[in-house]
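Student: Once you've had a glance at the structure underneath, I'll fire off some questions.
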Amino acid sequence: MDIQALAKDIPVEGEYSLEGIDFITSGEQYLTFLLENEQYAVDILCVEEIRSWEKPTRIPNSPSYVKGVINMRGVIVPIIDLRLKFGIGKPEYTETTVVIVLSYESDEHSRTIGFVVDAVSDVLNAEENEIKNAPTLGGVIPHHYVDGLVNVGDGVVTLLSVEELQQIEAHSIG
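Structure, rendered in structure tokens:
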């Protein structure tokens, strides 16, 4: 073993090899996920954590789409089932079901909420000119939740607004 030959392979301080790294992009990055075999995405910078499905502690008198809360390192995080919130099929909790924990900060407040989805897919890089406005004709997802649409291969990914997702509607007991 020639130690001098090995030393030549060690990078000098300030010298870095970026060979094979293709994730650097000038566009926005989104975490894509599935709901009833449809692709959706959220801004990856708002993703706090991706957790496997675990049954949360139920909250009495909460809307049906609020599954409950979990304790995440001392923070109480509400868990929302997006299938129930958007009325997309019947929720099924399988080994691919995950909770995407999103944090959003505005001038007035900061909020962390977990969203139950069928599965996480990929990271999508999208340039601003690739994002199209969503048509305002009805649809499964209410228009104010949609930031835009991106063509990916033969399909379309719906970009969801993290700010709008963080709003929990008033619920009347009845």
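My numbering numbers the first residue of the sequence shown as 743 and each following residue consecutively.
Backbone N, C-alpha and C fix where the C-beta goes; we use that ideal spot for every residue, glycine too.
Smallest Cα separation from Ser-794: which of Ser-804, Ser-806, Ser-852, Val-841?
Tutor: Here residue 794 refers to the residue found at position 52 of the sequence shown. Of the candidates Ser-804, Ser-806, Ser-852, Val-841, the one whose C-alpha sits nearest the C-alpha of Ser-794 is Val-841.
Student: Leu-777 and Leu-824: beta carbons closer than 7 Å?
Tutor: Taking the first residue of the sequence shown as position 1, residue 777 is located at position 35. Taking the first residue of the sequence shown as position 1, residue 824 is located at position 82. Cβ distance < 7 Å, so Leu-777 and Leu-824 count as in contact.
Student: Going by other Cβ atoms of all chains shown within 10 Å of its Cβ, with 16 needed for buried, is Thr-774 buried or exposed?
Tutor: Translated into the one-based positions of the sequence shown, residue 774 becomes position 32. Buried, because 16 or more other Cβ atoms sit within 10 Å of the Cβ of Thr-774.
Student: Who are the Cβ neighbours of Lys-827 in its own chain at under 6 Å, not counting the five residues just before and after it?
Tutor: Here residue 827 corresponds to residue number 85 of the sequence shown, with the count starting at 1. Within the same chain, Lys-827 has close Cβ partners Tyr-807.
Student: Reducing DSSP to helix, strand and coil, say where Glu-906 ends up.
Tutor: Locating residue 906 in the sequence shown gives position 164, where the first residue counts as 1. Looking at Glu-906 - three-state DSSP - the assignment turns out to be helix.
Student: To the nearest whole angstrom, what separates the beta carbons of Ala-876 and Leu-891, a pair I think is in contact under 8 Å?
Tutor: As a position in the sequence shown, residue 876 is number 134, starting the count at 1. As a position in the sequence shown, residue 891 is number 149, starting the count at 1. About 6 Å; that satisfies the 8 Å criterion.
Student: For the beta strand (DSSP E) containing Lys-809, name the first residue and the last one.
Tutor: To locate residue 809, count along the sequence shown from 1; it is residue 67. It spans 808-814 - the beta strand (DSSP E) in which Lys-809 sits, taken as one unbroken run.
Student: Count the other C-beta atoms from every protein chain shown that fall within 10 angstroms of the C-beta of Gly-897, then say buried if there are 16 or more, exposed otherwise.
Tutor: Locating residue 897 in the sequence shown gives position 155, where the first residue counts as 1. It counts as exposed.
Student: Is it buried or exposed for Pro-802, if we count other Cβ within 10 angstroms and need 16 for buried?
Tutor: Here residue 802 corresponds to residue number 60 of the sequence shown, with the count starting at 1. The residue is exposed, with fewer than 16 neighbouring Cβ atoms inside 10 Å.
Student: Going by C-alpha to C-alpha distance, which of Tyr-887, Thr-836, Gly-831 sits closest to Val-784?
Tutor: Locating residue 784 in the sequence shown gives position 42, counting from the first residue. The shortest C-alpha separation from Val-784 is found at Tyr-887.
Student: For Glu-770, count neighbouring C-beta atoms within 10 Å of its own C-beta (all shown protein chains included) and say buried if the count is 16 or more, exposed if not.
Tutor: Numbered from its first residue, the sequence shown carries residue 770 at position 28. So Glu-770 ends up on the buried side.
Student: Let me check one thing: in DSSP terms, what residues is Phe-775 bridge-paired to?
Tutor: By one-based count along the sequence shown, residue 775 stands at place 33. Note: Phe-775 sits in a beta bridge opposite Tyr-782, Val-862.
Student: Give the single residue among Ile-873, Asn-813, Gly-831 whose Cα lies nearest to the Cα of Val-859.
Tutor: Walking along the sequence shown from the start, residue 859 turns up at place 117. Nearest option by C-alpha distance: Gly-831.
Student: What span of residues does the alpha helix (DSSP H) with Leu-824 cover, start to end?
Tutor: Against the sequence shown, residue 824 aligns to sequence position 82. First-last of the alpha helix (DSSP H) with Leu-824: 824-828.
Student: From Thr-839 to Asp-849, what distance separates their C-alpha atoms?
Tutor: Position 97 of the sequence shown, counted from the start, is the residue given in the question as residue 839. Position 107 of the sequence shown, counted from the start, is the residue given in the question as residue 849. Thr-839 and Asp-849: Cα-Cα distance of roughly 33 Å.
Student: DSSP three-state label for Tyr-887, please.
Tutor: Locating residue 887 in the sequence shown gives position 145, where the first residue counts as 1. Helix.
Student: Out of curiosity, what's the CA-to-CA distance linking Asn-893 and Asn-813?
Tutor: Start at 1 with the first residue of the sequence shown, and residue 893 comes out as number 151. Start at 1 with the first residue of the sequence shown, and residue 813 comes out as number 71. Going from the Cα of Asn-893 to the Cα of Asn-813 covers about 37 Å.
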